[in-house]
Amino acid sequence: MYRKIKRSIFSVLLGLLLVVGVEAYASETTDVSTIYDNAVKENIIDPTLYPKSDWLDDEKKYMRPNYDFFKSNILDSVSYNEWLEMNNYGVMSDTKLPLLQNKNSNRRQARSAQDNINKFCKDAKAGDILIVSGNFPTGVIGHAAIMNSDNTVLEMSGGEGWKKGIPDNNHQYSKRTWIKNHIKDWTSIYRISDSKLAKKVARYVDTHYFSSKGTATKDIHIDYKIDSLLKNKNPNYCSKLVYQAFYYGTGDLPVMKPTIPWGVIPPANLPTTFSNSYKPTYIGRY
Amino acid sequence: MKKMVGIVPFLLLIWLHLGYGTFGKMSVFHQSFMTLSNFMDRVVQNNLASTLILFLGIPVLSIVGCYYSLYNVKSNYQKIIFGVMVLVSIISFGFFLLVTLMGVANQ
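Note that the protein sequences, when read in sequence, are chains B and V.
By my numbering, the letter at position 205 of the first sequence is numbered 261, and the numbering carries on one by one without gaps.
By my numbering, the letter at position 1 of the second sequence is numbered 13, and the numbering carries on one by one without gaps.
Given below as structure tokens:
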């Protein structure tokens with residue numbers, strides 16, 4: 057008798073658990089469309105830049121699988137809604153451009169790859185901030201570099217072995233070579249409005265992070281490592297280099313927001329580290 | 013014993029920070045980090061998996077251990093200490109998560 061009661065209680069509990077589980081899963085999956093609508097209402101997604109059909113397509117192809125990977129390998133206590141919120145629903149916070157559209161998708165492209173290269177070479181100027189965003193497995197992190205002259209790009213390239221640190225990782229490329237290397241992903245250009253200041257920053261970053269004489273011969277060697285010391289020049293990483301270029305290269309001007317000298321700056325967050333009066337404007341995407 | 017459940021993984025977390033070089037390179041700790049990292053790479057045979065175990069496993073272990081100790085110690089003074097340790101562990105988890113995402117995205 058006692059065993060029977062025990063069994064029925066167990067069955068009821070198991071049934072409840074299954075019902076709740078299935079319901080939770082169902083509500084989470086069927087609400088995806090509502091999530092998009094809410095994000096549009098809250099002005100996070102611009103439906104003209106990221107139509108619902110494209111978003112739902114990316115949600116199915118990239119966001120959900122990335123979330124599943126995140127949940128099973130990294131942190132399982134984050135709900136799908138929270139994860140989408142953390143990733144800003146797959147769009148850049150300032151320009152509202154989709155982060156997850158790579159250039160291999162079948163969607164209509166305004167320019168061909170070659171046109172993009174040419175347009176980038178025409179538009180990019182000394183002191184411009186370059187932010188690469190693509191279909192990374194990590195979703196929104198990206199890569200950053202800076203124009204250290206009108207014709208060259210300086211970056212901390214990163215690569216295999218980042219965990220242990222990569223020696224001598226600061227590289228300068230001609231802007232054409234650089235954009236060709238990154239043409240499979242979207243590159244956004246950001247520019248501060250003061251062109252003289254931008255040139256000063258470019259000169260600073262060139263002479264302090266590549267060649268002390270300002271020539272094409274590299275005599276400054278910087279190791280790659282993602283550490284927490286924002287003001288330490290060596291080791292360095294992609295977005296920290298760009299941050300330091302403006303932090304140190306603009307002298308006493310309050311270009312950057314005051315912050316604690318400890319932390320990590322993700323490349324996609326670089327524009328938000330500027331003070332309002334010097335906030336860089338978005339020039340275009342290539 | 014209940015205190016050790018929190019203290020040991022927390023010390024491991026501190027070693028991870030010093031060995032990885034969160035606050036700058038310290039050669040003694042860095043050497044041991046390199047040794048363990050190379051060993052993990054050889055054993056796991058998967059770079060991403062060994063990175064996740066090292067960079068996320070240790071902070072998670074520290075969070076769980078410190079929480080366990082926090083709820084099992086009786087003295088208020090010790091509760092405060094374990095509370096701070098939990099907080100440090102959570103911040104460290106965030107830091108290493110970001111470092112891992114950025115490192116993987118740029119490799």
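Heads up, the beta-carbon is just placed ideally off N, CA and C, and yes, glycines get one too.
- prompt: In chain B, which residues lie less than 8 Å from residue 33 (chain V) when you measure between Cβ atoms?
  reply: Counted from its first residue, the second sequence places residue 33 (chain V) at position 21. Simply 221, 281, 283, 291.
task: Within 10 angstroms of the Cβ of residue 81 (chain V), are there 16 or more other Cβ atoms? Answer buried if so, exposed if not.
output: Stepping through the second sequence from its first residue, residue 81 (chain V) is reached at position 69. Buried, because 16 or more other Cβ atoms sit within 10 Å of the Cβ of residue 81 (chain V).
task: Might you give, ordered along the chain, the residues of its own chain that have their beta carbon closer than 6 Å to the beta carbon of residue 109 (chain V), omitting 5 neighbours on each side?
output: Working through the second sequence from its first residue, we reach residue 109 (chain V) at position 97. The answer is none, since no qualifying residue turns up.
query: Would you say the beta carbon of residue 127 (chain B) comes nearer than 8 Å to a heavy atom of the ligand FAD?
result: The ligand content of the structure shown is nil, which means the ligand FAD is not present either.
query: Considering residue 212 (chain B), what are the terminal residues of the beta strand (DSSP E) in which it resides?
result: As a first step, residue 212 (chain B) must be located in the first sequence, where it is residue number 156. Looking at the DSSP string, the run of the beta strand (DSSP E) that includes residue 212 (chain B) is 208–212.
message: Run through chain V and tell me which residues come within less than 7 Å of residue 218 (chain B), C-beta to C-beta.
response: Taking the first sequence and counting its residues from 1, one reaches residue 218 (chain B) at position 162. Under the 7 Å cutoff, chain V gives 115, 118, 119.
message: By the 7 Å beta-carbon criterion, what residues does the segment 34–63 of chain V contribute toward chain B?
response: 34, 35, 36, 46, 49, 63
message: Is there a Cβ of chain V sitting closer than 9 Å to that of residue 244 (chain B), yes or no?
response: Reading the first sequence from its first residue, position 188 is the one you call residue 244 (chain B). Residue 244 (chain B) does not count as touching chain V.
Partners in chain B for residue 107 (chain V), counting only beta-carbon separations shorter than 9 Å: Along the second sequence, one-based indexing puts residue 107 (chain V) at 95. Those are 284, 319, 320, listed as they occur along chain B.
message: Checking 9 Å against the spacing of the C-beta atoms, do residue 246 (chain B) and residue 173 (chain B) come in under that value?
response: Position 190 of the first sequence, counting from 1, holds the residue named residue 246 (chain B). Position 117 of the first sequence, counting from 1, holds the residue named residue 173 (chain B). Not closer than 9 Å, so no.
- prompt: What's the C-alpha gap between residue 21 (chain V) and residue 104 (chain V)?
  reply: Here residue 21 (chain V) refers to the residue found at position 9 when the second sequence is read from its first residue. Here residue 104 (chain V) refers to the residue found at position 92 when the second sequence is read from its first residue. In a straight line, the C-alpha of residue 21 (chain V) is about 12 Å away from that of residue 104 (chain V).
message: As a quick exercise: from B:182, B:326, B:219, B:300, pick the residue whose alpha carbon is nearest that of residue 60 (chain V).
response: The residue given as residue 60 (chain V) occupies position 48 in the second sequence. Considering only alpha carbons, the answer is B:219.
field: Proximal residues, the segment 166–189 of chain B versus chain V, C-beta separation under 7 Å
entry: none
field: Collapsed DSSP secondary structure at residue 318 (chain B) in the structure displayed
entry: The residue given as residue 318 (chain B) occupies position 262 in the first sequence. The answer is strand: DSSP assigns residue 318 (chain B) an E or B state.
- prompt: Cα separation between residue 221 (chain B) and residue 280 (chain B)?
  reply: On the first sequence, residue 221 (chain B) is found 165 positions in, with the first residue counted as 1. On the first sequence, residue 280 (chain B) is found 224 positions in, with the first residue counted as 1. Roughly 5 Å between the two C-alpha positions.
- request: Give the secondary structure of residue 79 (chain V) by DSSP, where H, G and I count as helix, E and B as strand, and everything else as coil.
  value: Along the second sequence, read from residue 1 onward, the residue named residue 79 (chain V) stands at position 67. Looking at residue 79 (chain V) - three-state DSSP - the assignment turns out to be helix.
message: Between which two residues does the alpha helix (DSSP H) holding residue 134 (chain B) run?
response: Here residue 134 (chain B) is taken as the residue at index 78 of the first sequence, counted from 1. Per DSSP, residue 134 (chain B) belongs to no alpha helix (DSSP H) and is neither H nor E.
message: Going by DSSP, what residue range makes up the beta strand (DSSP E) through residue 227 (chain B)?
response: If you number the first sequence from 1, residue 227 (chain B) lands on position 171. Where residue 227 (chain B) is concerned, the enclosing beta strand (DSSP E) stretches over 226–230.
- prompt: What is the residue span of the alpha helix (DSSP H) that residue 263 (chain B) lies within?
  reply: Locating residue 263 (chain B) in the first sequence gives position 207, counting from the first residue. Taken as a continuous stretch (DSSP letters only), the alpha helix (DSSP H) holding residue 263 (chain B) covers 251–265.
Nearest-angstrom Cα separation, counted from residue 273 (chain B) out to residue 204 (chain B): Counted from its first residue, the first sequence places residue 204 (chain B) at position 148. Counted from its first residue, the first sequence places residue 273 (chain B) at position 217. The straight-line gap from Cα to Cα measures roughly 14 Å.
field: When B:313, B:119, B:87 are compared against residue 147 (chain B), the one with the closest alpha-carbon
entry: If you number the first sequence from 1, residue 147 (chain B) lands on position 91. Comparing Cα positions, the closest option is B:119.
query: Would you call the CB atoms of residue 249 (chain B) and residue 334 (chain B) closer than 9 Å?
result: For the purposes of this step, residue 249 (chain B) is identified with residue 193 of the first sequence, where counting begins at 1. For the purposes of this step, residue 334 (chain B) is identified with residue 278 of the first sequence, where counting begins at 1. Yes, Cβ-Cβ distance for residue 249 (chain B) and residue 334 (chain B) is below 9 Å.
- request: Work out the CA separation of residue 136 (chain B) and residue 78 (chain B) for me, nearest whole Å.
  value: As a first step, residue 78 (chain B) is located in the first sequence; it is residue number 22 there, counting from the start. As a first step, residue 136 (chain B) is located in the first sequence; it is residue number 80 there, counting from the start. Legend: pLDDT at residue 78 (chain B) = 40, less than 50; position of this residue unreliable, value from coordinates given subsequently. For residue 78 (chain B) and residue 136 (chain B), the distance between alpha carbons rounds to 15 Å.
- prompt: In angstroms, rounded to a whole number, what distance separates the CA positions of residue 230 (chain B) and residue 207 (chain B)?
  reply: The residue you call residue 230 (chain B) lines up with position 174 of the first sequence. The residue you call residue 207 (chain B) lines up with position 151 of the first sequence. Taking the straight line from one Cα to the other gives about 6 Å.
message: Just to confirm the assignment, what range does the alpha helix (DSSP H) spanning residue 180 (chain B) have?
response: To locate residue 180 (chain B), count along the first sequence from 1; it is residue 124. No alpha helix (DSSP H) holds residue 180 (chain B); DSSP gives it neither H nor E.
- prompt: In terms of alpha-carbon separation, which member of B:96, B:241, B:262 lies closest to residue 197 (chain B)?
  reply: On the first sequence, position 141 is the one that residue 197 (chain B) refers to. Closest by alpha carbon: B:241.
message: Can you look up residue 306 (chain B) in the DSSP assignment and give me helix, strand or coil?
response: The residue you call residue 306 (chain B) lines up with position 250 of the first sequence. Coil at residue 306 (chain B), not helix or strand.
task: Give a yes or no on whether the minimum CB-CB distance between residue 111 (chain V) and chain B is below 9 Å.
output: As a position in the second sequence, residue 111 (chain V) is number 99, starting the count at 1. Interface residue, yes.
message: Could you tell me which whole beta strand (DSSP E) segments of length 3 or greater appear in the segment 82–133 of chain B?
response: none
query: Going along chain V in order, which residues have a C-beta closer than 7 Å to the C-beta of residue 227 (chain B)?
result: For the purposes of this step, residue 227 (chain B) is taken as residue 171 along the first sequence, with counting starting at 1. Going along chain V, no residue has its Cβ under 7 Å from residue 227 (chain B), so there is no contact; the nearest lies around 13 Å.
field: Check whether residue 378 (chain B) and residue 331 (chain B) have beta carbons under 9 Å apart
entry: Residue numbering for chain B in the displayed model covers 57 to 342; residue 378 (chain B) lies beyond these limits and cannot be assessed.
- prompt: Cβ atoms of residue 88 (chain B) and residue 112 (chain B): under 9 Å apart, would you say?
  reply: Counting from 1 along the first sequence, the entry for residue 112 (chain B) is found at position 56. Counting from 1 along the first sequence, the entry for residue 88 (chain B) is found at position 32. A contact, by the Cβ cut-off of 9 Å.
message: Within a Cβ cutoff of 8 Å, which residues of the same chain sit near residue 56 (chain V), ignoring the five residues on either side of it in sequence?
response: Counting from one through the second sequence, the residue named residue 56 (chain V) turns up at place 44. Within the same chain, residue 56 (chain V) has close Cβ partners 62, 65.
task: Return helix, strand or coil for residue 340 (chain B), following the three-state DSSP convention.
output: By one-based count along the first sequence, residue 340 (chain B) stands at place 284. Reduced to three states, the DSSP call for residue 340 (chain B) is strand.
message: Taking beta-carbon pairs under 9 Å, can you tell me which members of the segment 198–211 of chain B lie near chain V?
response: 198, 199
message: Buried or exposed for residue 183 (chain B), going by 16 or more other Cβ atoms inside 10 Å?
response: Numbered from its first residue, the first sequence carries residue 183 (chain B) at position 127. Buried, since its Cβ has 16 or more Cβ neighbours within 10 Å.
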